[in-house]
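Just so we're aligned, residue 1 is where the sequence shown starts under full-length UniProt numbering, counting upward by one.
Beta carbons: idealized from backbone N, C-alpha and C, even for Gly.
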Amino acid sequence: MNTVKKMAMLVALPVFAHAGEAVVKWQDFNDYRDVRPSNEPKGSYHKHIATSFEKHFNKLAEELPEGYKFNVEVTELDLAGDVRFGGMNDLRIVKPIYFPRIEFKYSVTDKDGKVLSESDKVELKDMGFMDKIKMGRDEEFYYDKRLITDWFNKELMPQIVPS
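1. Which one of Trp-26, Lys-121 and Ser-38 has the shortest CA to CA distance from Glu-103?
2. Is DSSP giving Asn-39 helix, strand or coil here?
3. Exposed or buried, what is Phe-85 when buried is set at 16 or more other beta-carbons lying within 10 Å of its beta-carbon?
4. Identify, in the order they occur along the chain, each residue of the same chain with its Cβ nearer than 7 angstroms to the Cβ of Ala-19, setting aside the five sequence neighbours on each side.
5. Which runs of the alpha helix (DSSP H), 4 residues or longer, sit entirely within the stretch 75-157?
6. Quick one, which of Val-161, Asp-90 and Val-94 has its alpha-carbon nearest Asn-39's?
7. To the nearest angstrom, how far is the alpha carbon of Tyr-68 from that of Met-88?
8. Taking Lys-25 as the reference, which of Lys-114, Asp-31, Thr-75 and Leu-116 has the closest Cα?
9. Measure the C-alpha to C-alpha separation of Lys-145 and Phe-53 and round it to an integer number of angstroms.
10. Is the CB-CB distance between Asp-131 and Pro-100 below 7 angstroms?
11. Does Glu-21 come out as helix, strand or coil in the three-state DSSP assignment?
12. Mind checking Thr-109: buried by the 16 CB within 10 Å criterion, or exposed?
13. Determine which residues share a DSSP beta bridge with Asp-34 and list them.
14. Name the one or two DSSP bridge partners that Val-72 has.
15. For Tyr-32 versus Val-72, is the C-beta spacing smaller than 7 angstroms?
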């Protein structure tokens with residue numbers, strides 16, 4: 001293997017050394033502002049939301065150093081769009097006036113359990129969510145997840161892993 005390839009591998013290795021995990025706690029979905037299903041049973045829709053957002057929080061936590069834990073408790077959720085009656089089914093209509101909002105508590109602990117960052121209330125909303133360029137594939141809860149990702153990258157990561 002030539003020297004350039006060896007150097008490239010050494011530089012790339014630290015990038016892959018991240019492997020934090022997320023633990024997400026939910027409150028009663030009936031108490032959240034807007035998590036109404038459009039055309040599926042409420043219980044299965046709430047499980048679907050929980051699974052989707054937990055995967056997203058875990059994907060973000062993978063950016064944290066190995067052994068770090070990102071603990072999140074979602075206290076309020078208002079999905080982008082609004083559910084409206086549309087013929088035989090309800091439909092989630094996404095318009096600029098129905099912007100995404102999420103509130104949560106969080107803490108990040110290192111591998112020894114020491115709290116590195118925490119807050120009892122993070123309030124995120126994006127009133128201009130439809131004015132931004134939509135990047136990547138079209139996935140469910142795209143605008144809501146982008147809101148969390150932007151906060152994670154701009155606010156949390158600089159506190160945990162300084163440049």
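So, to answer that:
1. Within the sequence shown, residue 103 is the residue found at index 103, counting from 1. Closest option to Glu-103, Cα to Cα, is Lys-121.
2. Against the sequence shown, residue 39 aligns to sequence position 39. Looking at Asn-39 - three-state DSSP - the assignment turns out to be coil, as it is neither helix nor strand.
3. Numbered from 1 along the sequence shown, position 85 holds the residue referred to as residue 85. Note on Phe-85: under 16 other CB atoms within 10 angstroms of its CB, so exposed under the neighbour-count rule.
4. Here residue 19 refers to the residue found at position 19 when the sequence shown is read from its first residue. Apart from the 5 residues on each side of it in sequence, Ala-19 sits with its Cβ closer than 7 angstroms to the Cβ of Glu-62 and Glu-66 in its chain, given in chain order.
5. As summarised for the stretch 75-157, the continuous alpha helix (DSSP H) elements at least 4 residues long and confined to that stretch are 142-151, given in chain order.
6. Residue 39 sits at position 39 when you count from the first residue of the sequence shown. Looking at the Cα atoms, Asp-90 is the closest of the given residues.
7. Residue mapping note: residue 68 aligns to position 68 of the sequence shown, counting from 1. Residue mapping note: residue 88 aligns to position 88 of the sequence shown, counting from 1. Across the structure, Tyr-68 and Met-88 are spaced so that their CA atoms are roughly 47 angstroms apart.
8. Position 25 of the sequence shown, counted from the first residue, corresponds to residue 25. Checked all of Lys-114, Asp-31, Thr-75 and Leu-116; the closest Cα to Lys-25 is Thr-75.
9. Reading the sequence shown from its first residue, position 145 is the one you call residue 145. Reading the sequence shown from its first residue, position 53 is the one you call residue 53. Taking the straight line joining both Cα atoms gives about 7 angstroms.
10. Taking the first residue of the sequence shown as position 1, residue 131 is located at position 131. Taking the first residue of the sequence shown as position 1, residue 100 is located at position 100. No, these two residues do not count as a Cβ contact at 7 angstroms.
11. For the purposes of this step, residue 21 is taken as the residue at position 21 of the sequence shown. Three-state DSSP puts Glu-21 in a strand.
12. Translated into positions along the sequence shown, residue 109 becomes position 109. By the 10 Å Cβ count, Thr-109 comes out buried.
13. Numbered from its first residue, the sequence shown carries residue 34 at position 34. Asp-34 pairs with Asp-78.
14. Position 72 of the sequence shown holds residue 72. Per the DSSP secondary-structure output, Val-72 pairs in a beta bridge with Val-24 and Tyr-106.
15. Numbered from its first residue, the sequence shown carries residue 32 at position 32. Numbered from its first residue, the sequence shown carries residue 72 at position 72. Between Tyr-32 and Val-72, the CB-CB gap reaches or exceeds 7 angstroms.
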